[in-house]
Structure formats: structure tokens, C-alpha cells
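Residue numbers (my numbering): 3 to 301.
We treat Cβ as the ideally placed atom computed from N, Cα and C, and that holds for glycine.
For reference, the structure discussed in these notes is given below.
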Amino acid sequence: MLWIPITLLAAAAQTLRFMFQKRLRIATLSTGGATFARFLYAAPLIGLVTIGYAMLRGYGMPVMDGPFWAFAAAGSFCQICATMCVVALFQQRNFTIGITFKKVEVLLAAGFGLVFLGEGVSLPALGAISLGVLGVIIISDAPPAAGVEGPRVFNKATALGLSCAILFGACAVFYRGATLHISAADLFARASMTLLVAISMQFVGMAFYLKWREPGQITQVIRAWRLAIWVGLLSLLGSLAWFTAFALQNAAYVKALGQVEILASFAISVWVFGEKMRRSEALGITLLSASVILLLLLL
Numbered sequence: 003m004l005w006i007p008i009t010l011l012a013a014a015a016q017t018l019r020f021m022f023q024k025r026l027r028i029a030t031l032s033t034g035g036a037t038f039a040r041f042l043y044a045a046p047l048i049g050l051v052t053i054g055y056a057m058l059r060g061y062g063m064p065v066m067d068g069p070f071w072a073f074a075a076a077g078s079f080c081q082i083c084a085t086m087c088v089v090a091l092f093q094q095r096n097f098t099i100g101i102t103f104k105k106v107e108v109l110l111a112a113g114f115g116l117v118f119l120g121e122g123v124s125l126p127a128l129g130a131i132s133l134g135v136l137g138v139i140i141i142s143d144a145p146p147a148a149g150v151e152g153p154r155v156f157n158k159a160t161a162l163g164l165s166c167a168i169l170f171g172a173c174a175v176f177y178r179g180a181t182l183h184i185s186a187a188d189l190f191a192r193a194s195m196t197l198l199v200a201i202s203m204q205f206v207g208m209a210f211y212l213k214w215r216e217p218g219q220i221t222q223v224i225r226a227w228r229l230a231i232w233v234g235l236l237s238l239l240g241s242l243a244w245f246t247a248f249a250l251q252n253a254a255y256v257k258a259l260g261q262v263e264i265l266a267s268f269a270i271s272v273w274v275f276g277e278k279m280r281r282s283e284a285l286g287i288t289l290l291s292a293s294v295i296l297l298l299l300l301l
């Protein structure tokens, strides 16, 4: 059951990282810039950790087959797109609702895991996960912001939220697939090397994208280092924990437990950003939280 405390650590680090990314997005950076911050400052750190750990333990280069590179590349691409979606979502709805929309990923991770890895979940667990669907429907039915016209449910916030959920759900399964196709000396070496490969791909890809589409953003990210470096540190901590948990347990269960970050995001939303929440939104979050509790009782 080691994956449980590791997943809780990952969820806590990820929530704090999104808080700093929202501050970066509000302050100076574009959505792409705020997304790139995590890769720019996390890449050299994970490189030092991975290489240092291998040297300390006397490990050689792990064996990585073709499926490993395919899974790592697919996961990296999905995570970049998902992160951009969730950062953009913060501009549409408050912090807690943005995080809650993102957590629909757990409803999809089970399906992706079955399709790509042949890993299913039990029927009771699937029922508990499905409880979150009702919560998402309730959350999505909110009035538009002042001065913004459009439908209540099928709006830009809903599209961004569901998009990041699909992408995050897929990348979780792809990353678990990658950890299953790398032959390393121990669990941490396997997780850290997979993370190093993924972040390196993301760093290079985002750097080319920003240079092409958003000239000047890389410089802005560097100038915002005092805040952006925390994004990198928390990204490193959270990602190491996520990857280790994926190496130990079915991605659907890991992501289901990770929904506890909703509670942390609620506290940040109220105490840090001073945001208010509607009763229907609180009800939706409660239903999603209940699905997490049920899943823990069933595991």
C-alpha cells in the first residue's frame, strides 16, 4: 500500500504547483509561458536527481524498448496539452472549479487503462468513480461571467475542463505504460528515468513552440524565476511521486485517490485567492469527494 502516501504527496504538490501557475498566468505570462515554466525549471533538477541517484547506487543505463519511447512520447504530448487547457481554464472559472473539472480524468483513466494496458477496475469501484460524473454535471451548469454571453453548460469552461480531463487521463495511462517497459535496477530508478525522458521531450517541444508562436515568452519565464522556480520544484516533487505511484498501481486507482487535491484546492481558493463558491458548485465537489472516499473503502 506504499502507493497511497506517495499519491497523497503527489496530489498536494500538484495543487500547490497549479496555484503558482495561476499566479504566473495572472501576473505576466501567457498560457504557454506558464506551462513552459514547469518544464524549464524541472528539467535540470530531475536530470541531477536521476544521474546522481544512478551514480550513488552504481547503476548502469536502464534498458528502454520501443513501446517505452512510444508511451513516453504520447504521455508527454498529452500532458503539455492538458496543462495548457487547465491553465487557460483558470481564466474562465475559479481555482477550485478549474481543479475539479480536471479531476474528471479519473473517470477516463479506467477506460484508457483497459484499452491500452488491459488493466480494468472492479464493478463497485467503477460505480464509485461514476458518482463523480453527477458532480461534474452539476459543476458545469453555472452562469457565465459578467458581460460574457453563451450557454450555461456547453460553454468554453466546460470544453476546456473536459479536454484537460481527457488528456490528463490518457497521459496517466501512457506514463504507467512507459514505467512497465523500462528495465531499471529499482523502483525509483525506473520512475525517475521515465520522468527525465518525458520532461526532456516536453522541454524541447515547448521551447520550439514558444519560439515559433509566442516570441519573447521564454525570456518572460526566465525573468519571472522567483515565482516560476517554485513551479519547477513542485512539478519535480509531484511528478516523481506520480510516476512512482504509477509504477506501483493501476493508473485509475492512483488518479482516483489523487482527487483529494479538490479539498486542498478549496482551501487555496478561499484563503489565497479570496474566491467564493456557489451552492451547486459545492454540491458537485462534495459528490466527487464522496466518490474518492468510496473508492478508498473498496480498495
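Exercise. Less than 9 Å separating the beta-carbons of VAL106 and GLY163?
Worked result: Along the sequence shown, one-based indexing puts residue 106 at 104. Along the sequence shown, one-based indexing puts residue 163 at 161. For VAL106 and GLY163, yes; Cβs fall inside 9 Å.
Exercise. Taking C-alpha atoms, which residue in ALA45, GLY129, ALA111 lies nearest to LEU307?
Worked result: Nothing in the structure corresponds to residue 307, since the chain is present only between 3 and 301.
Problem set entry | Segments of 3+ residues assigned as beta strand (DSSP E) that fall wholly inside the region 161 to 202 | Segments of the beta strand (DSSP E) lying fully in the region 161 to 202: there are none.
Exercise. Hey, quick one: how far does the alpha helix (DSSP H) through LEU300 stretch, first residue to last?
Worked result: Here residue 300 corresponds to residue number 298 of the sequence shown, with the count starting at 1. Counting along the chain, the alpha helix (DSSP H) containing LEU300 begins and ends at 281 to 300.
For this session: Please report the residue range of the alpha helix (DSSP H) in which LYS278 lies.
Result: What you label residue 278 is simply residue 276 of the sequence shown in a count that begins at 1. Note, LYS278: premise wrong, no alpha helix (DSSP H); not H, not E.
For this session: Could you check what DSSP says for VAL65 in three-state terms: helix, strand or coil?
Result: Residue mapping note: residue 65 aligns to position 63 of the sequence shown, counting from 1. In this structure, VAL65 counts as strand in the three-state DSSP scheme.
Exercise. Does DSSP classify THR17 as helix, strand or coil?
Worked result: By 1-based counting over the sequence shown, the position of residue 17 is 15. Three-state result, THR17: helix.
Problem set entry | For PRO217, the three-state DSSP class (helix, strand or coil) | Mapped onto the sequence shown, residue 217 falls at position 215. Coil, per DSSP.
Exercise. THR33 by DSSP, collapsed to three states: which one?
Worked result: For the purposes of this step, residue 33 is taken as residue 31 along the sequence shown, with counting starting at 1. If DSSP states are grouped into helix, strand and coil, THR33 belongs with the helices.
Exercise. Is the region 223 to 239 close to the region 25 to 35, with three or more CB pairs under 8 Å?
Worked result: yes
For this session: Count the other C-beta atoms from every protein chain shown that fall within 10 angstroms of the C-beta of THR52, then say buried if there are 16 or more, exposed otherwise.
Result: Taking the sequence shown and counting its residues from 1, the one referred to as residue 52 is at position 50. Flag for THR52 reads buried.
Exercise. Roughly how many angstroms lie between the CA atoms of VAL262 and LEU298, to the nearest whole one?
Worked result: Sequence index remark: in the sequence shown, residue 262 carries index 260 (1-based). Sequence index remark: in the sequence shown, residue 298 carries index 296 (1-based). Whole-angstrom Cα-Cα distance: 11 Å.
Exercise. If you draw a straight line from the C-alpha of THR288 to the C-alpha of GLY60, how long is it?
Worked result: Taking the first residue of the sequence shown as 1, we reach residue 288 at position 286. Taking the first residue of the sequence shown as 1, we reach residue 60 at position 58. One C-alpha to the other measures close to 48 Å.
Exercise. In or out: LYS278 buried (at least 16 other Cβ within 10 Å) or exposed?
Worked result: In the sequence shown, residue 278 corresponds to position 276, counting from 1. Its Cβ having fewer than 16 others within 10 Å, LYS278 is exposed.
Exercise. According to DSSP, is GLY129 helix, strand or coil?
Worked result: Within the sequence shown, numbered from 1, the residue matching residue 129 stands at position 127. It is helical.
Exercise. Smallest Cα separation from VAL305: which of LEU4, PHE114, ALA191, GLY276?
Worked result: In the structure as shown, the chain begins at 3 and stops at 301. Residue 305 is therefore absent and cannot be evaluated.
For this session: Could you check what DSSP says for GLY207 in three-state terms: helix, strand or coil?
Result: Against the sequence shown, residue 207 aligns to sequence position 205. Reduced to three states, the DSSP call for GLY207 is helix.
For this session: Could you pull out every residue in the same chain whose Cβ sits closer than 7 Å to the Cβ of GLN251, ignoring the five residues on either side in sequence?
Result: Against the sequence shown, residue 251 aligns to sequence position 249. Leaving aside the five residues that flank GLN251 on each side, the residues in its chain whose CB is nearer than 7 Å to its CB run, in chain order, TRP5.
Exercise. Does the pairing of the region 122 to 136 with the region 179 to 197 give three or more beta-carbon distances under 8 Å?
Worked result: no
For this session: Could you check what DSSP says for VAL106 in three-state terms: helix, strand or coil?
Result: Numbered from 1 along the sequence shown, position 104 holds the residue referred to as residue 106. In this structure, VAL106 counts as coil in the three-state DSSP scheme.
For this session: Using alpha carbons as the reference points, say which of GLN23, LEU189, LEU182, CYS173 lies closest to GLN204.
Result: Translated into the one-based positions of the sequence shown, residue 204 becomes position 202. Measuring from the Cα of GLN204, the nearest candidate turns out to be CYS173.
Exercise. Among ARG40, ALA112, ALA111, which one has its Cα closest to the Cα of THR85?
Worked result: On the sequence shown, position 83 is the one that residue 85 refers to. Out of ARG40, ALA112, ALA111, ARG40 has the C-alpha closest to the C-alpha of THR85.
For this session: Output the boundary residues of the alpha helix (DSSP H) element that contains ALA254.
Result: Within the sequence shown, numbered from 1, the residue matching residue 254 stands at position 252. ALA254 -> alpha helix (DSSP H) spans 253 to 259.
Problem set entry | Spatial neighbours of GLU73 in its chain, beta-carbon cut-off 6 Å, leaving aside the 5 residues before and after | Locating residue 73 in the sequence shown gives position 71, counting from the first residue. The amino acid occupying residue 73 in the given sequence is Phe; Glu does not appear at that position. Counting only Cβ-Cβ distances below 6 Å, and skipping sequence neighbours, we find PHE176, GLY179, ALA180.
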